[in-house]
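**Student:**
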Amino acid sequence: MNYIIFDLEWNQSSGAKENKIEKLPFEIVEIGAVKLNENREMIGEFSELVKPQIYHEMHYITSRLVHLQMEELEKGKPFVEVMKKFLDWCGEDPVFCTWGSLDLLELQRNMTYYEMEPLSEGPIKFYDIQKLFSLAYEDGKSRRALEFAIDMMNIKKDIPFHRAFSDAYYTAKVFDKIEDPLVLEKFSFDTYHLPKDKESEVHIVFSNYDKYISRLFKDKGELLSCKELTDTQCFKCHRNLKKKVKWFTLNGKHYYAISKCFRHGYMKSKIRIRKGEDGGVYAVKTDKYITKEEVKKLLEKRDQFLEQKKLKKDQAVTD
Ligand SMILES: [Zn+2]
0 MNYIIFDLEW NQSSGAKENK IEKLPFEIVE IGAVKLNENR EMIGEFSELV KPQIYHEMHY
60 ITSRLVHLQM EELEKGKPFV EVMKKFLDWC GEDPVFCTWG SLDLLELQRN MTYYEMEPLS
120 EGPIKFYDIQ KLFSLAYEDG KSRRALEFAI DMMNIKKDIP FHRAFSDAYY TAKVFDKIED
180 PLVLEKFSFD TYHLPKDKES EVHIVFSNYD KYISRLFKDK GELLSCKELT DTQCFKCHRN
240 LKKKVKWFTL NGKHYYAISK CFRHGYMKSK IRIRKGEDGG VYAVKTDKYI TKEEVKKLLE
300 KRDQFLEQKK LKKDQAVTD
């Protein structure tokens, strides 16, 4: 097993002259990567420029971020050729690692655009090093720029930033310094390709929470009537739990419920409803144990919300 830490540079429509292609808002212009073995030692490098086929003008944001010129890119090879070479170089069963979750998504969008075989049949397990950095050194929620992490960890800046290879190289350096096993178990899932059916849905248990990625549903109504999603079960002892607080939402996208396991206490379940790449919706459900104090806080938030909603409604009636 090898870790493939990769980074992409991409360009986008520069507006007036070139129209944006809906299916490919970001055209990859460079792929850079480093390969690490199981002990996270660097054992390979990859760096290729991609010759643009769609957007031939550098977008001003891209040209500011990426130190690349169009003339340079014209010397690159077409995407399909570079991608095949990259996948060959990755070898079998690579574990992808990226800074943030966008690179894996855009890589697959570009592959689909060129009708390449999909990277995977379903969700891809990967390491989001930006998230791991936050879990290891900050609150787990913040998302920092790569250079911030490099500075904080006193990593030597021996090559310039903002080229695909250098960003992959620095991401690997950050990854190498993360030792905490509780952080290293927190891999992410890319959901560009969703589970095809019920059998291939993702169920995973971490030390302090669990995660469930559902298949695609036609709409929110169909999703919320799926009992498997709305039933709650203790992820430690697998008992079916009775809900203390039934499912409620504050924004129509995130739903919460609270159940109680007599052995493990209060469990908060959360369903995030997300849109599929080509329509439909799917759910990412997580369960986590919370304190009585946290239960109280969540209920206060709900009651405040309901109160405001009622006030608005009353006002509408009197208006
Ligand atoms: Zn339990």
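Just so we're aligned: the sequence shown equals residues 0 to 318 in numbering that gives the first Met the number 0. Glycine is no exception: its CB is placed at the ideal position from the N, C-alpha and C atoms. Computed from a predicted structure; not experimentally measured.
Taking 8 Å as the CB-CB limit, is E26 close to chain D?
**Tutor:** Among the chains of the structure shown, chain D does not appear; only one protein chain is present.
**Student:** Around the Cβ of G326, are there at least 16 other Cβ atoms within 10 angstroms (buried) or fewer (exposed)?
**Tutor:** In the structure displayed, the chain extends from 0 to 318; residue 326 sits before or after that span and is not available.
**Student:** I need the straight-line Cα distance from Y136 to A282, nearest angstrom please.
**Tutor:** As a first step, residue 136 must be located in the sequence shown, where it is residue number 137. As a first step, residue 282 must be located in the sequence shown, where it is residue number 283. Cα-Cα distance, rounded: 29 Å.
**Student:** Three or more C-beta pairs under 8 Å: does that hold for the stretch 254–266 against the stretch 289–296?
**Tutor:** Yes, they touch.
**Student:** Decide if I221 is buried, meaning its Cβ has at least 16 other Cβ atoms within 10 Å, or exposed.
**Tutor:** As a working note, residue 221 is residue 222 in the sequence shown. It should be noted that the sequence gives Glu, not Ile, for residue 221. Answer is exposed; the Cβ neighbour count stays below 16.
**Student:** Determine the contact status of M82 and N10, defining contact as a CB-CB distance below 8 Å.
**Tutor:** Residue numbering aside, residue 82 sits at position 83 when the sequence shown is read from its first letter. Residue numbering aside, residue 10 sits at position 11 when the sequence shown is read from its first letter. No, Cβ-Cβ distance for M82 and N10 is not below 8 Å.
**Student:** Could you give the first and the last residue of the continuous beta strand (DSSP E) run that contains M110?
**Tutor:** Numbered from 1 along the sequence shown, position 111 holds the residue referred to as residue 110. Looking at the DSSP string, M110 is not in any beta strand (DSSP E); the run it does join, the alpha helix (DSSP H), is L101 to Y112.
**Student:** Rounded to whole angstroms, what is the Cα-Cα separation between S46 and A163?
**Tutor:** Sequence index remark: in the sequence shown, residue 46 carries index 47 (1-based). Sequence index remark: in the sequence shown, residue 163 carries index 164 (1-based). The alpha-carbon atoms of S46 and A163 are separated by roughly 7 Å.
**Student:** Mind reading off the beta-carbon distance from I27 to E105? Whole number of angstroms is fine, and I expect it under 8 Å.
**Tutor:** As a first step, residue 27 is located in the sequence shown; it is residue number 28 there, counting from the start. As a first step, residue 105 is located in the sequence shown; it is residue number 106 there, counting from the start. The pair is a contact, with the Cβ atoms about 7 Å apart (cut-off 8 Å).
**Student:** Could you give the DSSP three-state label for R301: helix, strand or coil?
**Tutor:** The residue labelled residue 301 in the question sits at position 302 within the sequence shown. Correct three-state label for R301: helix.
**Student:** Between F205 and E184, which are expected to be in contact by the criterion C-beta below 8 Å, what is the C-beta distance as a whole number of angstroms?
**Tutor:** Taking the first residue of the sequence shown as 1, we reach residue 205 at position 206. Taking the first residue of the sequence shown as 1, we reach residue 184 at position 185. About 6 Å; that satisfies the 8 Å criterion.
**Student:** For C236, write down the residues that DSSP places opposite it in a beta bridge.
**Tutor:** The count along the sequence shown starts at 1 and reaches residue 236 at position 237. For C236, which the question treats as bridged, DSSP gives no partner whatsoever.
**Student:** Tell me whether K235 counts as near ligand 1, meaning its Cβ is closer than 7 Å to at least one heavy atom of that ligand.
**Tutor:** Sequence index remark: in the sequence shown, residue 235 carries index 236 (1-based). Yes, ligand 1 has a heavy atom inside 7 Å of this Cβ.
**Student:** Just to confirm the assignment, what range does the alpha helix (DSSP H) spanning E221 have?
**Tutor:** Position 222 of the sequence shown holds residue 221. Residues K219 to L223.
**Student:** How big is the Cα-Cα spacing for F95 and K308?
**Tutor:** If you number the sequence shown from 1, residue 95 lands on position 96. If you number the sequence shown from 1, residue 308 lands on position 309. If you take the alpha carbons of F95 and K308, they lie about 45 Å apart.
**Student:** Compute the distance between the beta-carbons of P122 and T170, then report whether it is under 8 Å.
**Tutor:** Position 123 of the sequence shown, counting from 1, holds the residue named residue 122. Position 171 of the sequence shown, counting from 1, holds the residue named residue 170. No; because the gap between Cβ atoms is not below 8 Å, this pair is not in contact.
**Student:** Using the C-alpha atoms, what's the distance from K219 back to N250?
**Tutor:** Numbered from its first residue, the sequence shown carries residue 250 at position 251. Numbered from its first residue, the sequence shown carries residue 219 at position 220. Their Cα atoms are separated by approximately 13 Å.
**Student:** Given 7 Å as the limit, tell me if R238 has its C-beta closer than that to any heavy atom belonging to ligand 1.
**Tutor:** Counting from one through the sequence shown, the residue named residue 238 turns up at place 239. Yes, the beta carbon of R238 sits closer than 7 Å to at least one heavy atom of ligand 1.
**Student:** Quick check on this structure: which residue in E91, P24, T97 and F78 has the alpha carbon closest to the alpha carbon of D6?
**Tutor:** Stepping through the sequence shown from its first residue, residue 6 is reached at position 7. Of E91, P24, T97 and F78, the residue nearest in Cα terms is T97.
**Student:** Run the CB neighbour count on F261, radius 10 Å, all protein chains shown included, and call it buried at 16 or more, exposed below.
**Tutor:** Along the sequence shown, read from residue 1 onward, the residue named residue 261 stands at position 262. So F261 ends up on the exposed side.
**Student:** Just to confirm, are F234 and D286 a CB contact at a threshold of 8 Å?
**Tutor:** Taking the sequence shown and counting its residues from 1, the one referred to as residue 234 is at position 235. Taking the sequence shown and counting its residues from 1, the one referred to as residue 286 is at position 287. Taking 8 Å as the Cβ cut-off, F234 and D286 qualify as a contacting pair.
**Student:** Which residues mark the beginning and the end of the beta strand (DSSP E) in which M266 is found?
**Tutor:** Here residue 266 corresponds to residue number 267 of the sequence shown, with the count starting at 1. Unbroken beta strand (DSSP E) run through M266: G264 to K274.
**Student:** In chain order, what residues of the same chain have a beta carbon less than 6 Å from the beta carbon of V79, not counting five sequence neighbours either side?
**Tutor:** Numbered from 1 along the sequence shown, position 80 holds the residue referred to as residue 79. Hits under 6 Å: Y113.
**Student:** In three-state DSSP terms, what is I20?
**Tutor:** To locate residue 20, count along the sequence shown from 1; it is residue 21. I20: coil per DSSP, three-state reduction.
**Student:** Determine the DSSP secondary structure at Y169, reduced to helix, strand or coil.
**Tutor:** As a first step, residue 169 is located in the sequence shown; it is residue number 170 there, counting from the start. Reduced to three states, the DSSP call for Y169 is helix.
**Student:** Between which two residues does the alpha helix (DSSP H) harbouring Q129 extend?
**Tutor:** Stepping through the sequence shown from its first residue, residue 129 is reached at position 130. Element bounds for Q129: I128 to Y136.
**Student:** Going straight from the alpha carbon of M69 to that of I289, what length do you get?
**Tutor:** For the purposes of this step, residue 69 is taken as the residue at position 70 of the sequence shown. For the purposes of this step, residue 289 is taken as the residue at position 290 of the sequence shown. The alpha-carbon atoms of M69 and I289 are separated by roughly 53 Å.
**Student:** On a Cα-Cα basis, can you pick out the residue from K84, E73 and Q129 that is closest to S187?
**Tutor:** Within the sequence shown, numbered from 1, the residue matching residue 187 stands at position 188. The shortest Cα separation from S187 among K84, E73 and Q129 belongs to Q129.
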